[in-house]
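Input: a single structure, listed below in structure tokens.
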Amino acid sequence: MDSTNYLHQAMALLPPGPAWPAETTGPLARQLAALADSFARVDAAARSVIDESTPANAYALLEDWEDALGLPDECSVQGSQTLSERRQAASAKYIATGGQRADYYIGIAQAYGYPNATVTEYSARSYGRARMGRRYGGWEWNYAWQLNLPAQQVLPRMGGAPFGEPYKVWGNAALECTINKLKPAHTRVFFVYGGA
Numbered sequence: 001m002d003s004t005n006y007l008h009q010a011m012a013l014l015p016p017g018p019a020w021p022a023e024t025t026g027p028l029a030r031q032l033a034a035l036a037d038s039f040a041r042v043d044a045a046a047r048s049v050i051d052e053s054t055p056a057n058a059y060a061l062l063e064d065w066e067d068a069l070g071l072p073d074e075c076s077v078q079g080s081q082t083l084s085e086r087r088q089a090a091s092a093k094y095i096a097t098g099g100q101r102a103d104y105y106i107g108i109a110q111a112y113g114y115p116n117a118t119v120t121e122y123s124a125r126s127y128g129r130a131r132m133g134r135r136y137g138g139w140e141w142n143y144a145w146q147l148n149l150p151a152q153q154v155l156p157r158m159g160g161a162p163f164g165e166p167y168k169v170w171g172n173a174a175l176e177c178t179i180n181k182l183k184p185a186h187t188r189v190f191f192v193y194g195g196a
């Protein structure tokens, strides 16, 4: 609610009678209007708590989210990170519950701003089951997979984004470090930009 709504609510709660004028321009109304402004600010702050409840939208509580999630870590971009990069890193760590399924790694890529990421899984060629045109590979290919990402990452820009943050970036060292840290130790992952 805005201050006008709070003023109307306060005026409606006044008891009837000559001691409590119902006009909206008198001294009582001005005093109630000052209180209504305060109530409206508190209301707006309470509504912003909803945005702060996840690291993807956090602004005021982003440092608290980073502290709780152990950020910055070895996968964080060294130097000054943009607000968008900090949110992406916190969001990715927040949803990182672990797993070996492709959907888990696609979700991490999505948290870093790649909504169309896909995974390609490889396997060694088996004689008798191989199809014509399929590449030969040794048994090591059973433990290799590829994360396909768009050639460029589109970064959402909001009204609160600081001046100078880019709209697009190419490559993502923080994402690659995070995936390599979370992938099963016996596997090898390849990152292909422009593959989705």
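Numbering (UniProt numbering), first residue to last: 1 to 196. The beta carbon of each residue, even a glycine, is placed where N, CA and C say it ideally should be.
Whether I179 touches L149 by CB criterion (8 Å): no
Check whether R188 and A144 have beta carbons under 8 Å apart: yes
Residue environment, Q172, which counts as buried when at least 16 other CB atoms sit within 10 Å: The sequence shown places Asn at residue 172, rather than the Gln named in the question. Buried is the call here.
Buried or exposed (CB count within 10 angstroms, at least 16 for buried), Q88: buried
At least 3 beta-carbon pairs within less than 8 Å: the segment 29-48 vs the segment 2-12: yes
Distance CB(D43)-CB(M1) smaller than 8 Å: yes
Distance between C75 and D57 (C-alpha atoms, nearest Å): For the sequence presented, residue 57 should be read as Asn rather than Asp. Between N57 and C75, the C-alpha separation is close to 21 Å.
Beta bridge counterpart(s) of Q146 as assigned by DSSP: T120 and F190
Neighbourhood of residue 200 by C-beta, 6 Å cutoff - its chain only, sequence neighbours within 5 removed: The chain is shown from 1 up to 196; residue 200 falls before or after that span and cannot be answered.
Residue burial classification, E85 (beta-carbon count within 10 angstroms, cutoff 16): buried
Reduced DSSP secondary structure (H/G/I, E/B, other) of N57: coil
Among Q31, E23 and P18, nearest to S3 - alpha-carbon criterion: Q31
Assigned exposure category for K181 - 16 Cβ within 10 Å defines buried: exposed
Continuous alpha helix (DSSP H) assignments of at least 4 residues falling wholly in the segment 55-116: 62-69, 83-95 and 102-111
Outcome for W65 when other beta-carbon atoms lying within 10 angstroms are tallied against a minimum of 16: buried
Supposed contact pair Y112 and F175 - C-beta distance, whole angstroms, cut 8 Å: Looking at the sequence itself, residue 175 is Leu, so the reference to Phe does not match. Contact holds; Cβ gap of about 4 Å.
C-alpha gap between L69 and S48, whole angstroms: 21 Å
For L71 and A90, believed in contact at Cβ under 8 Å, the rounded distance: 6 Å
A12 to T25 span [Cα, whole Å]: 15 Å
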